[in-house]
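What follows is a short report on a single structure.
Protein chains: 2
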Amino acid sequence: MTTTIGIVGGGQLARMLALAGIPLGLRFVILDPAPDAGAAVASEHICQAYDDLVALNELAERCDVITYEFENIPASAMAHLAAKVPVHPAPEALAISRDRLTEKNLFRELGIELPPYFTVDSRADLEAAVAKTGLPAVLKTRTLGYDGKGQFVLRAHANLDTAWKTLGSVPLILEGFVPFDREISIVAARSIGGEICYWLISENSHQGGILRLARSQPDDPFTRQAQGYVKRILERLQYVGVMALELFCVGDRLLANEMAPRVHNSGHWTIEGAETSQFENHVRAVAGLPLGSTASVGHAAMVNFIGAAPIPSEVLELTDVHLHDYGKTPRAGRKVGHATVHGVDAVRFEAQLARLRVLADAVAC
Amino acid sequence: MTTTIGIVGGGQLARMLALAGIPLGLRFVILDPAPDAGAAVASEHICQAYDDLVALNELAERCDVITYEFENIPASAMAHLAAKVPVHPAPEALAISRDRLTEKNLFRELGIELPPYFTVDSRADLEAAVAKTGLPAVLKTRTLGYDGKGQFVLRAHANLDTAWKTLGSVPLILEGFVPFDREISIVAARSIGGEICYWLISENSHQGGILRLARSQPDDPFTRQAQGYVKRILERLQYVGVMALELFCVGDRLLANEMAPRVHNSGHWTIEGAETSQFENHVRAVAGLPLGSTASVGHAAMVNFIGAAPIPSEVLELTDVHLHDYGKTPRAGRKVGHATVHGVDAVRFEAQLARLRVLADAVAC
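Protein chains in written order, with the working numbering: chain A, 3 to 367; chain B, 3 to 367.
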């Protein structure tokens, strides 16, 4: 009777999915080659490579449904799984989001505004694309990019050679540089029955390409438009589970940056800041259960711990702050945990958030 | 660097302790002879008897600190552990609460009001005690009672023979019957540094000796008195962790019934109904971390699932309701899960609670 959910990947997202799903009576099996995978504390662990067919068969046999926590899974592995057991979100969504070109083509096809982009498969393509976008522009690998990796910001024509040498061995796209006012994201969930829910818009601050701070935006003027964008994607893909859509606000325009077919770092504040978290609603969706309310109470924010985490007792001394450790060995640039702050009183909330950020910044590396 | 907490017992309380502690970066090892122990999904599991010395040694070696989830652990096992590694709450608290007589003597010594009680070690003691309390009265085993087990309500002198035959082989006490208006409990936590926090009073409804419903009481008139009672106990015992004190309200008097040196069923609503749950604060306390805020938001209640749980999708369809499955095989009289309801709007809260109770009652056995 118990539904067992398989998760490809066993990092912090899988860990938080399992912690959210166990109270619902769900069980979890992760596939992750890392012996110290952070999700292993709350799931059974198949410790093998993502393309190991024996391991994939075992995962399919032990699970009723499969999901995944990151995009860069070999497409063949997902196809192998999907032939045996339901996979949510569908491998099509994964395939689209793995490739910036197909992703942007989908946005355009759905009438979702986005920055100009051009495929770059040769040095000549690059010249032609730059001629159209002007400078600055951003050269990106079509696949395998995350946390600012696989990107090169072109500021002058003299940069083109270096950029091409650095990235030119794989398919690329060039994006027009967007002088955005704000980076926001919307996280939404769709159930097997087609029910859709949205959390509050999150306003996001990055440093060195890595998310540092996400804050819920109770009255964001772009709310309706962002919901409309993500709804089109969810419905086109007949999507099941949680999806995040990252967006740029430029004046009164809302431009899509990229989508993530999974729970998202900018939705971590929903664990304490919303009635039902993104993690709970993702496992509800993939298990075929009804979605829970996404209602928020007051202000909420999330601060990432990058490279190292503050001493737990210092974080836990702060009121209305909740710690989420990922069980990872500290390493420069690695997300090792986060903390959320939430509250109804704005002054108190801002004060606690400021103290939390000081703690996080003091050890970040 | 990671603190590992050992838990003697691996049922639902250990399960919820581990789920609350993993985000704090804590790790858990349970000792439980049941192969299907509910906490095993979120901890390492030593599957041996509670008095197995090899297993106890292993638990002590693998853990930085030990706690427990029920009272009826062999005293020798706890002494064995305490000689090797810190045990919180201290074995003294466990020893006192295991024996209704020592527990009640402690209450009396601390000036905590309680119903009249008398030791009964013989048939003659029983006669003498009944002469003092009058009838009805309740004959109870001094040890190993829980969920109404090991009790006999004496309503007429003719019941004495049956009661004595049923329970007379072990040390007993006779308690005067208290015509209480309400049963309440207070759950509190004390840190290693002596900091104490209290959750809201819980009003509890039992059926057949088993808790069915617990509701938080934002303005209970007995709040201050209940806090005073439990504070005296916590400080006398230099207690570390969460304790529950069950109480009877009789007119304007507040009488202590019994204490539990652990997280308690009447505090399960704190998972969603308070800023920090009893489970999180228990693991914070035993790990030497600061306690979190116990502030409540609006109304909160918990409905136990006894014998069997409703279909998950029916529970999850209710708004502001959260499901907590214990991973147990259904069996008559067994607590297999609970759900919490909470909310600021009283009318909506009561409506959801009523619907939840209908679901629970429909399958209870």
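C-beta: ideal position from N, C-alpha, C; glycine also.
Next item on the list: Grab me the residues of Ala-42(A)'s own chain with a C-beta within less than 7 Å of its C-beta, minus the 5 sequence neighbours each way, in chain order.
Entry: The residue given as residue 42(A) occupies position 40 in the first sequence. Same-chain partners within the cutoff: Gly-12 and Ile-32.
Next item on the list: Starting from Asp-327(B), follow the beta strand (DSSP E) in both directions and report where the run begins and ends.
Entry: For the purposes of this step, residue 327(B) is identified with residue 325 of the second sequence, where counting begins at 1. Run containing Asp-327(B): 323-327, per the beta strand (DSSP E) assignment.
Checklist line | chain A contact residues for Thr-321(B), given Cβ-Cβ distances below 9 Å | finding: Taking the second sequence and counting its residues from 1, one reaches residue 321(B) at position 319. Result: Glu-277, Gly-294, Ser-295 and Ala-297.
Notebook entry, point to check: From this set, Lys-106(B), Asn-161(B) and Leu-146(B), which residue's C-alpha is nearest Val-132(B)'s C-alpha?
Noted result: Sequence index remark: in the second sequence, residue 132(B) carries index 130 (1-based). Looking only at Lys-106(B), Asn-161(B) and Leu-146(B), the smallest Cα-Cα distance to Val-132(B) is reached by Asn-161(B).
Next item on the list: Pair every Cβ in the segment 287-296 of chain B with every Cβ in the segment 237-246 of chain B, then say whether three or more of these pairs are closer than 8 Å.
Entry: yes
Notebook entry, point to check: Mind checking Gly-345(A): buried by the 16 CB within 10 Å criterion, or exposed?
Noted result: Translated into the one-based positions of the first sequence, residue 345(A) becomes position 343. That one is buried.
Item checked: Cα-Cα separation, Gly-253(B) to Glu-205(B) -> Indexing the second sequence from 1 puts residue 253(B) at position 251. Indexing the second sequence from 1 puts residue 205(B) at position 203. The straight-line gap from Cα to Cα measures roughly 15 Å.
Notebook entry, point to check: Quick one: what does DSSP say Lys-330(A) is sitting in, helix, strand or coil?
Noted result: One-based indexing of the first sequence puts residue 330(A) at position 328. In the structure shown, Lys-330(A) sits in coil (DSSP, three-state: anything other than H, G, I, E or B).
Next item on the list: For His-344(B), name the three-state secondary structure that DSSP assigns.
Entry: In the second sequence, counting from the first residue as 1, residue 344(B) sits at position 342. Strand, per DSSP.
Notebook entry, point to check: Taking only runs of the alpha helix (DSSP H) that begin and end inside the segment 50-78 of chain A, which ones reach a length of at least 4 residues, in chain order?
Noted result: You should have 55-64.
Next item on the list: Quickly, what does DSSP pair Asn-306(B) with across the bridge? List them, please.
Entry: Translated into positions along the second sequence, residue 306(B) becomes position 304. Asn-306(B) is bridged by DSSP to His-340(B).
Check: So Ser-187(B) packs on Ser-268(B), CB below 8 Å; how close in whole Å?
Finding: Against the second sequence, residue 187(B) aligns to sequence position 185. Against the second sequence, residue 268(B) aligns to sequence position 266. Correct: roughly 4 Å between the Cβ atoms.
Note to self: Any C-beta of chain B within less than 9 Å: which residues of the segment 20-39 of chain A qualify?
What the structure shows: Ala-20, Leu-21, Ile-24, Pro-25, Leu-26, Gly-27, Leu-28, Arg-29 and Phe-30
Item checked: Element boundaries [alpha helix (DSSP H), containing Phe-109(A)] -> Against the first sequence, residue 109(A) aligns to sequence position 107. From DSSP, the alpha helix (DSSP H) with Phe-109(A) extends over 102-111.
Item checked: Cβ neighbours of Gly-210(A) in the same chain (closer than 6 Å, five flanking residues each side left out) -> Locating residue 210(A) in the first sequence gives position 208, counting from the first residue. Hits under 6 Å: none found.
Checklist line | Backbone secondary structure at Ala-311(B) - three-state DSSP | finding: Translated into the one-based positions of the second sequence, residue 311(B) becomes position 309. Coil, per DSSP.
Margin query: Would Ala-79(A) and Asp-101(A) qualify as a contact pair, given that the criterion is a beta-carbon distance under 9 Å?
Written below: Here the question's residue 79(A) lines up with position 77 in the first sequence. Here the question's residue 101(A) lines up with position 99 in the first sequence. It is not a contact, given that the beta carbons lie outside the stated cut-off.
Margin query: Going by beta-carbon coordinates alone, are Glu-282(B) and Leu-26(B) separated by less than 9 Å?
Written below: For this step, residue 282(B) is matched to residue 280 along the second sequence. For this step, residue 26(B) is matched to residue 24 along the second sequence. Contact annotation: Glu-282(B) and Leu-26(B) have beta-carbon atoms nearer than 9 Å.
Check: Mind checking if Asp-327(A) is an interface residue toward chain B, Cβ cutoff 9 Å exclusive?
Finding: Against the first sequence, residue 327(A) aligns to sequence position 325. It does; some Cβ of chain B falls within 9 Å.
Item checked: Straight-line gap, Ala-97(B) to Leu-116(B) (C-alpha atoms, nearest Å) -> One-based indexing of the second sequence puts residue 97(B) at position 95. One-based indexing of the second sequence puts residue 116(B) at position 114. So the alpha carbons of these two residues sit roughly 20 Å apart.
Next item on the list: Starting from Phe-120(A), trace the alpha helix (DSSP H) both ways and give me its first and last residue.
Entry: As a first step, residue 120(A) must be located in the first sequence, where it is residue number 118. No alpha helix (DSSP H) holds Phe-120(A); the beta strand (DSSP E) holding it covers 119-122.
Item checked: 9 Å Cβ cutoff met for Val-56(A) and Thr-69(A) -> Counting from one through the first sequence, the residue named residue 56(A) turns up at place 54. Counting from one through the first sequence, the residue named residue 69(A) turns up at place 67. Contact flag unset, no.
Next item on the list: Tell me whether Thr-164(B) sits in a helix, a strand or coil according to DSSP, three-state version.
Entry: For the purposes of this step, residue 164(B) is taken as the residue at position 162 of the second sequence. Looking at Thr-164(B) - three-state DSSP - the assignment turns out to be helix.
Next item on the list: Excluding the 5 residues preceding and the 5 following Thr-121(B) in the sequence, name in chain order all residues of the same chain whose CB lies nearer than 7 Å to its CB.
Entry: If you number the second sequence from 1, residue 121(B) lands on position 119. If we look at Thr-121(B) and ignore the five residues flanking it on each side, its Cβ neighbours are Leu-103, Asp-127 and Ile-175.
Check: For Thr-4(A) versus Leu-21(A), is the C-beta distance shorter than 9 Å?
Finding: Start at 1 with the first residue of the first sequence, and residue 4(A) comes out as number 2. Start at 1 with the first residue of the first sequence, and residue 21(A) comes out as number 19. It is not a contact, given that the beta carbons lie outside the stated cut-off.
Next item on the list: Would you mind sorting Val-343(B) into buried or exposed? The rule is 16 or more other CB atoms within 10 Å of its CB.
Entry: For the purposes of this step, residue 343(B) is taken as the residue at position 341 of the second sequence. Counting Cβ neighbours within 10 Å, Val-343(B) comes out buried, since at least 16 surround it.
Next item on the list: Would you grab the beta carbon distance between Ala-302(A) and Ser-218(A) for me? Rounded to a whole angstrom, and I think it's under 8 Å.
Entry: Counted from its first residue, the first sequence places residue 302(A) at position 300. Counted from its first residue, the first sequence places residue 218(A) at position 216. Yes, Ala-302(A) and Ser-218(A) are in contact; Cβ-Cβ is about 4 Å, under 8 Å.
Margin query: Can you tell me whether Lys-142(A) is helix, strand or coil according to DSSP?
Written below: Walking along the first sequence from the start, residue 142(A) turns up at place 140. Residue state, collapsed to three classes: strand.
Notebook entry, point to check: Is Pro-314(B) close to chain A, meaning its C-beta is less than 9 Å from at least one C-beta of that chain?
Noted result: Numbered from its first residue, the second sequence carries residue 314(B) at position 312. Answer yes: the Cβ-Cβ gap between Pro-314(B) and chain A drops below 9 Å somewhere.
Item checked: Residue range of the unbroken alpha helix (DSSP H) whose run includes Ile-235(B) -> The count along the second sequence starts at 1 and reaches residue 235(B) at position 233. Counting along the chain, the alpha helix (DSSP H) containing Ile-235(B) begins and ends at 225-238.
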